[in-house]
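What the sequence shown shows, in the numbering used here, is residues -19 to 109, in sequence order.
For reference, the structure discussed in these notes is given below.
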Amino acid sequence: RTMASDALLHAKEWSLNDPNPVTAAYIKALITKAENGGDQAVQDLKCLFPTKKRIGFGTAGLRSSMSPGPLGMNDLVVIQTAQGLASYLLHCRQQSKDTNPITAVVGYDHRAHSAFSLSSKQFAMYTKL
């Protein structure tokens, strides 16, 4: 397997799981172009879907540009992160035998990327689910 085939495979999987129809369609269009010999589309997919890389969770939370793929801030990354954090908190609570409810505050700001239909407010809505 090559890096291009890995990126293509990861992009196909991503587009099937992405709840955002705009970013999913963008990735599907790149996949189609790449499969038809589009060198630029292949390069774009390799940038968006590098092998085994994801956006990092640091002291300031998730920080990246709003874009599709595992390195960007987008709906699927936010959903996966919220699920992972919720699982971790439930596990910690279970280990400590704490019976208090888990409480979280979810905020958002004005940031958005209208071309990809991504926004901080939308990320907050997905997180509260």
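The beta carbon of each residue, even a glycine, is placed where N, CA and C say it ideally should be.
The model shown is predicted, which means the values in this text are computed figures rather than measured ones.
**OP:** Taking only the alpha-carbon atoms, compute the straight-line gap between S45 and N80 and give it to the nearest angstrom.
**Re:** S45 and N80 have their C-alpha atoms roughly 36 Å apart.
**OP:** Flag this pair as yes or no: are the beta carbons of I11 and L25 separated by less than 9 Å?
**Re:** For I11 and L25, yes; Cβs fall inside 9 Å.
Original post:
For H90, which of helix, strand or coil comes out of DSSP?
Top reply: In the structure shown, H90 adopts coil according to DSSP, grouped into three states.
Original post:
Going by alpha carbons, who is nearest to P30 out of V57, D(-14), L42 and S94?
Top reply: Distances from the alpha-carbon of P30 to those of V57, D(-14), L42 and S94 put D(-14) closest.
Subject >> According to DSSP, residues forming a beta bridge with S99 >> reply: Its beta-bridge partners are A92.
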